[in-house]
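To start, the structure itself, in structure tokens.
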Amino acid sequence: MEPRAVLKDKGASRVRSGHPWVYRSDIAEARGRAGDVVRVLDRRGTLLGMGFYNPRSEITLRVATREDEPLDEPWFRVRIEEAIAYRDLLEIDADAYRLLHAEADGVPGLVVDRYGEHLVLQVGSAAVDERLGWIVEALVELLSPHGVLLRADSRARKREGLDTAVRVLYGEVPDSVVVREGTVCYRAHLWSGQKTGGFLDQRENHLAAGRYARGRVLDVFSYAGGFALHAARRAETVEVVDTSELALQAARANAGLNGSENIAFTRSNAFDLLRERSDAGEGYDMVVLDPPAFARTKRELPRARRAYKEINLRAIKLLNPGGALVTCSCSHHFSREAMEETLRAAAADAGATLRVREWRGQAWDHPEVLTIPETRYLKCAVLERLS
Ligand code: SAH
């Protein structure tokens, strides 16, 4: 019998509103096994679309199309072709970027990142797992990469009840590759780096921050120096701060690759360092804050708010007049409104007037879908201290 799922009214109206996720509690009855493509119906039997089914996951169903169509090999190929065509339009000034961004490119649970001649995949859905052969074949035919790596080691996979592994799916994939981002280059560690090897979603913000850099710059939560490398082109000195020795090693190597001799590397907890430096009355012309997601769930929001306020208050105090704060949050749950509110409170406590220079988001190769709020997660404000 054909696999299918009948949704309760709440789930059906959510799918009709354009949201592809159906939680276990919104399913009235279902027939199928993990990895099946199922017909998705409302209680009256009207077809809502076709979806990826996984009864082991809290998000039990991900609707991939609202049409009555088979999700076969040509379907995946067309999605990949469309994702590539969209990136071609963006005229990306880099050779590492996201080629396919899951739901926002019509394939729930699949991420494809490009690092020059290599592709790195992340898969968070049983249905995509089972169809990887088709996907890799299409990618190889369309892009002729040297190698394709599967990074199936995310926390999301555990939530989906999927096994974790990192393995080559095609060709050869070295431990790391050097890629270009605007006028700088960096080494991306494809097998072991954070995410798929780099923070590609910050690419456009890295470039933007570079335009504000001058004088003395502090890049806090630096990882491999994504912001610092660009800032070092214009600033006199840049100091990167991270708790991770591996991150600092990578940042040091990247500074070397770019011949940037004005970058210093400090291993420290950002909270301690910001407090000490502001208590000591230090001054900077630009401070970058790019912390990990402080709120991974709604429940963590109050604590996250306090943490964001603390680091932003300290950073504002550190700014010389005319200095720029580049402040980011990658927590979807911490909304742009909540972030503005927090920054306002921090500015008030610091007695500072801040002019908004830019409100930015994730790079455009990580598109948002209007009806899927979760696809909008990264926020980046550039604020100039007037007094
Ligand atoms: N700015 C980077 C990405 C930062 S990811 C880029 O654009 O490429 C967040 C970084 O924060 C990680 O490298 C992590 O090691 C570091 N980190 C997490 N908690 C920290 C803390 N309390 N103090 C300093 N660094 C921290």
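Quick note: the sequence shown uses our numbering, first residue 1221, plus one each step.
We treat Cβ as the ideally placed atom computed from N, Cα and C, and that holds for glycine.
S1498, enclosing beta strand (DSSP E) - first and last residue: No beta strand (DSSP E) contains S1498, which is instead part of the alpha helix (DSSP H) from A1490 to D1499.
Own chain residues within Cβ distance below 6 Å of A1572, not counting five before or after: Only I1536 and R1605 meet the Cβ criterion.
Three-way DSSP call (helix, strand, coil) for K1415 in this model: Judged by DSSP in its simplified three-state form, K1415 adopts coil rather than helix or strand.
Three-pair Cβ contact test at 8 Å for the stretch 1309–1320 versus the stretch 1570–1588: Counting Cβ pairs under 8 Å, three or more are found: they touch.
Residue nearest to G1381 in terms of C-alpha spacing, selected from R1251, A1347 and G1367: Comparing alpha carbon positions, the residue from R1251, A1347 and G1367 closest to G1381 is A1347.
Distance CB(Q1207)-CB(D1349) smaller than 9 Å: The structure shown does not extend to residue 1207, since the chain is modelled only from 1221 through 1607, so no value can be given for it.
CA-to-CA distance, D1439 to G1231, given in whole angstroms: Those two C-alpha atoms are separated by around 44 Å.
Cβ-heavy atom distance, G1265 to ligand 1, below 8 Å: Annotation for G1265 indicates a beta carbon at 8 Å or more from all heavy atoms of ligand 1.
Ordered list of beta strand (DSSP E) runs contained in the stretch 1252–1332, each at least 3 residues: Positions of the beta strand (DSSP E) runs, each at least 3 residues long and wholly inside the stretch 1252–1332, are given as 1257–1261, 1267–1273, 1279–1285 and 1316–1321 in order along the chain.
Segment contact, 8 Å Cβ cut-off, at least three pairs: the stretch 1470–1485 with the stretch 1426–1434: They do not touch, by the three-pair rule.
S1277 versus G1329, R1495, V1388 and D1510, residue with shortest Cα-Cα distance: From the listed residues G1329, R1495, V1388 and D1510, the smallest Cα separation to S1277 is found for G1329.
Residue closest to L1563, alpha-carbon to alpha-carbon, out of V1546, H1553 and H1552: Across the set V1546, H1553 and H1552, the C-alpha of V1546 shows the shortest separation from the C-alpha of L1563.
Contact the stretch 1488–1504 vs the stretch 1407–1422: 3+ CB pairs below 8 Å: No contact exists between the stretch 1488–1504 and the stretch 1407–1422.
Exposure of K1599, with buried meaning 16 or more beta-carbon neighbours within 10 Å: K1599 counts as buried, since at least 16 other C-beta atoms from the protein chains shown sit within 10 angstroms of its C-beta.
Residue span of the beta strand (DSSP E) that contains M1506, given as start and end: It spans Y1504 to L1509 - the beta strand (DSSP E) in which M1506 sits, taken as one unbroken run.
beta-carbon A1165 near ligand 1 non-hydrogen atom, thresh 8 Å: Limits of the chain in this structure are 1221 at one end and 1607 at the other, which puts residue 1165 out of reach.
For Y1390 and V1356, believed in contact at Cβ under 8 Å, the rounded distance: The pair is a contact, with the Cβ atoms about 5 Å apart (cut-off 8 Å).
Any non-hydrogen atom of ligand 1 within 8 Å of T1416 CB: False, no ligand heavy atom lies under 8 Å from that Cβ.
For F1485: DSSP bridge partner residues: F1485 pairs with V1460.
Three-way DSSP call (helix, strand, coil) for Q1342 in this model: Q1342 carries a strand assignment under DSSP once its states are collapsed to helix, strand and coil.
Validate contact between the stretch 1442–1462 and the stretch 1524–1533 using beta carbons, cut 8 Å, 3 pairs: When Cβ pairs closer than 8 Å are counted between the two stretches, the stretch 1442–1462 is seen not to touch the stretch 1524–1533, the count staying below three.
Proximity below 9 Å, CB of T1285 to CB of G1326: Contact flag set, yes.
Segment contact, 8 Å Cβ cut-off, at least three pairs: the stretch 1297–1305 with the stretch 1386–1404: Verdict: no, contact absent.
Residues of its chain near G1269, where Cβ-Cβ distance is below 6 Å and the 5 sequence neighbours each way are ignored: Result list for G1269: V1260, V1283, T1285 and R1286, in chain order.
Collapsed DSSP secondary structure at H1409 in the structure displayed: Here DSSP, grouped into helix, strand and coil, assigns H1409 to strand.
Any heavy atom of ligand 1 nearer than 5 Å to the CB - residues listed: Answer in sequence order: F1419, Q1422, F1441, Y1443, G1446, D1462, T1463, S1464, A1467, N1489, A1490, D1510 and P1512.
Integer Cβ distance of A1558 from V1576, believed to fall under 8 Å: At roughly 16 Å, the Cβ-Cβ gap does not stay under 8 Å, so A1558 and V1576 are not in contact.
Under the three-state DSSP convention, the category V1546 falls into: Looking at V1546 - three-state DSSP - the assignment turns out to be strand.
Beta-carbon proximity check, A1513 vs S1464, cutoff 9 Å: The criterion of a C-beta distance shorter than 9 Å is not satisfied by A1513 and S1464.
With 16 other Cβ atoms within 10 Å as the buried cut-off, status of S1442: Looking at its Cβ environment, which holds 16 or more other Cβ atoms inside 10 Å, S1442 is buried.
Residue interval of the beta strand (DSSP E) (run including K1599): Its beta strand (DSSP E) spans residues K1599 to R1605.
Distance, Y1597 Cα to R1371 Cα: Roughly 21 Å between the two C-alpha positions.
Distance between beta carbons of V1257 and L1281, contact taken as under 8 Å: That pair is no contact at about 10 Å.
C-alpha distance - L1362 paired with A1565, whole-angstrom precision: Taking the straight line joining both Cα atoms gives about 50 Å.
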